[in-house]
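Beneath this line is the structure, given in structure tokens, with notes to follow.
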Amino acid sequence: MHRFIALFALMLVFCWGPGLSWASGQGQDPHLTTVADLELAGPVAKPAAAYLGVPAGEGAVRLSQVKAEFLLVEVFSMYCPYCQAEAKNVNALHALLQKSPAAARVKMLGIGAGNTPFEVEFFRDKYAVPFPLFPDAEFACHKSLNGPGTPYFMLLKADGAGAFAVVFSHLGPFGDPGKFLDTMLAKAGLK
Amino acid sequence: MPRMIAVFAVWVVLAAVPALAGAVDAGHIYDPGQLKSVDSVLKVAVGQQAPDFTLPAVGGNHVTLSSYQGRKNVVLSFVPAAFTPVCSDQWPGYNFARELFEQRDAVVLGISTDNTPSQYAWTKEMGGLWFPVLSDFWPHGAVSSAYGVLRSSGVSERAIFIIDKAGVIRFIDVHDINTRPDLGLIVRELGNLK
Chain A
1 MHRFIALFAL
11 MLVFCWGPGL
21 SWASGQGQDP
31 HLTTVADLEL
41 AGPVAKPAAA
51 YLGVPAGEGA
61 VRLSQVKAEF
71 LLVEVFSMYC
81 PYCQAEAKNV
91 NALHALLQKS
101 PAAARVKMLG
111 IGAGNTPFEV
121 EFFRDKYAVP
131 FPLFPDAEFA
141 CHKSLNGPGT
151 PYFMLLKADG
161 AGAFAVVFSH
171 LGPFGDPGKF
181 LDTMLAKAGL
191 K
Chain B
192 MPRMIAVFAV
202 WVVLAAVPAL
212 AGAVDAGHIY
222 DPGQLKSVDS
232 VLKVAVGQQA
242 PDFTLPAVGG
252 NHVTLSSYQG
262 RKNVVLSFVP
272 AAFTPVCSDQ
282 WPGYNFAREL
292 FEQRDAVVLG
302 ISTDNTPSQY
312 AWTKEMGGLW
322 FPVLSDFWPH
332 GAVSSAYGVL
342 RSSGVSERAI
352 FIIDKAGVIR
362 FIDVHDINTR
372 PDLGLIVREL
382 GNLK
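Protein chains in written order, with this note's numbering: chain A, 1 to 191; chain B, 192 to 385.
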């Protein structure tokens with residue numbers, strides 16, 4: 001038993017140090033409780049517009065224009081290796097959400113921190129991302145969110161007055177998409 | 192014993208996460224803060240033959256620019272320093288977008304004024320790069336100076352030079368050192384080459 005405990009402690013030392021990279025240095029969890037009505041840069045393609053219930057076209061849209069009670073927002077970057085590695089899981093999360101009873105109440109979107117429209121489009125194409133992604137080339141949204149590390153996930157609840165309460169947030173890869181969705185929906189009282 | 196095996200399996204999964212290719216541990220990044228956007232005077236121009244050079248690469252070999260003539264378009268990517276914030280995702284981004292360069296018959300040559308051992312440690316932490324990383328350490332910054340992108344602090348600007356298969360400079364972006372050049376612009380300019 002002592003050897004078992006010693007082995008486990010050794011493993012923790014090895015794993016936790018470097019494993020904190022998305023949560024230390026450059027990227028922190030801002031632990032926000034509210035989020036402003038962010039402006040999402042256009043263009044908004046027709047499928048994205050139809051999903052979110054916002055106007056299609058070149059113009060920007062605001063979070064508050066999205067027709068949903070809850071918004072699941074991923075802050076990512078094309079340049080972020082963790083975001084690249086997590087892309088399949090995030091797609092699976094979206095698929096599970098769409099199949100769940102909460103689908104009509106929760107919409108999902110991504111914000112590409114520091115990414116130009118080309119870079120967001122390349123990321124979308126490479127991973128066949130099925131939900132809307134918005135460029136944030138000048139880090140305007142990212143700064144408004146106090147500069148979280150990536151990937152960063154937030155479940156937001158609209159207050160009806162243009163602001164959003166952060167119901168749940170998570171920094172870094174989330175592991176099993178089903179468990180992650182269950183956790184989020186439970187926090188939101190949707191399960 | 193089965194419990195030990197289970198713990199070991201968990202450890203393997205956890206240990207794999209930080210080993211992701213391209214992930215430089217944020218704790219290893221030195222942030223110099225906001226710098227003067229550009230601190231040099233360009234010495235070359237679009238339409239001019241690119242100054243030739245030979246520099247040592249991380250792999251132990253030497254790379255000569257003119258060796259690509261007639262074979263490949265070249266994207267010279269000067270960056271200021273290893274283990275700094277913007278550089279540490281710019282080049283992994285070019286790893287991610289490798290096919291965009293290859294589809295346009297282009298190779299990237301990454302250059303900084305760091306010495307080779309520093310570049311080796313940095314690129315190893317990035318999980319390796321598909322393109323050569325060259326050291327302009329000695330004579331210090333000679334190539335950066337020849338192109339007019341050596342800053343007064345001794346590091347290179349964050350600059351992109353696109354050179355066609357004839358060895359002619361076709362595009363220059365001496366970028367704000369604090370921000371990343373748009374990948375889309377580089378790809379578009381490569382697409383404009385004959």
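No residue lacks a Cβ here, since even glycine has one placed at the ideal position from N, Cα and C.
As the structure is a computational prediction, the values presented were derived from the model and not from experiment.
Specify, as a first and last residue, the run of the alpha helix (DSSP H) that residue i falls within.
i	result
A/G149	Per DSSP, A/G149 belongs to no alpha helix (DSSP H) and is neither H nor E.
A/A186	P177 to K187
A/P117	P117 to Y127
B/L291	R289 to E293
For my contact list, residue i and residue j are in at a C-beta cut-off of 8 Å; report their separation, rounded to the angstrom.
i	j	result
B/I386	B/V265	Given a span of 192 to 385 for chain B in the structure shown, any question on residue 386 of chain B remains unanswerable.
B/R371	B/V277	5 Å
A/V61	A/L32	Their Cβ separation, rounded to whole angstroms, is 21 Å, which puts A/V61 and A/L32 out of contact at 8 Å.
A/L185	A/K191	4 Å
A/P151	A/E74	6 Å
B/A241	B/F352	7 Å
A/F70	B/D373	Contact flag wrong, Cβ pair sits at about 33 Å.
B/G375	A/T116	5 Å
B/I220	B/T275	7 Å
Ordered along the chain, which non-local residues of its own chain (more than five positions away) have a Cβ less than 6 Å from that of residue i?
i	result
A/F123	M78
A/G53	K67
A/F168	L155, M184 and K187
Residues in its own chain within less than 8 Å of residue i by CB, not counting five upstream and five downstream?
i	result
B/H331	T304 and G345
B/H253	T245, L246 and P247
A/S144	V35, A36 and L38
Within the same chain, show all residues whose beta-carbon is closer than 7 Å to that of residue i, passing over the 5 residues directly before and after it, in chain order.
i	result
A/A92	P177
B/G339	S231, V232, L233, K234 and V235
B/R289	W321
Locate the beta strand (DSSP E) running through residue i, then write down its first and last residues.
i	result
B/L246	T245 to P247
B/S309	Premise fails: B/S309 lies in the alpha helix (DSSP H), T307 to E316, not in any beta strand (DSSP E).
B/T255	H253 to T255
B/I377	Not the beta strand (DSSP E): B/I377 falls in the alpha helix (DSSP H), residues L374 to G382.
B/L320	Premise fails: B/L320 is in no beta strand (DSSP E) and is neither H nor E.
B/I302	A297 to S303
B/V235	Note, B/V235: premise wrong, no beta strand (DSSP E); not H, not E.
B/N264	N264 to F269
A/L171	F164 to L171
A/V106	V106 to A113
A/F134	L133 to D136
Contact between the region 130-141 of chain A and the region 151-168 of chain A (3+ Cβ pairs under 8 Å):
no
Is the region 238-254 of chain B touching the region 320-331 of chain B in the sense that three or more CB pairs, one from each, lie closer than 8 Å?
yes
Counting pairs of beta carbons, one from the region 256-270 of chain B and one from the region 356-371 of chain B, are three or more of them closer than 8 Å?
Contact holds between the region 256-270 of chain B and the region 356-371 of chain B, because three or more Cβ pairs, one in each stretch, are under 8 Å apart.
Touch check for the region 100-119 of chain A and the region 304-323 of chain B: three-plus C-beta pairs under 8 Å?
no
Entirely enclosed beta strand (DSSP E) segments - the region 339-365 of chain B, minimum 3 residues:
349-354
Stretch pair the region 41-53 of chain A + the region 78-87 of chain A: three plus CB contacts closer than 8 Å
no
Every unbroken alpha helix (DSSP H) within the region 18-92 of chain A, with a cutoff of 4 residues, ordered by chain
46-52
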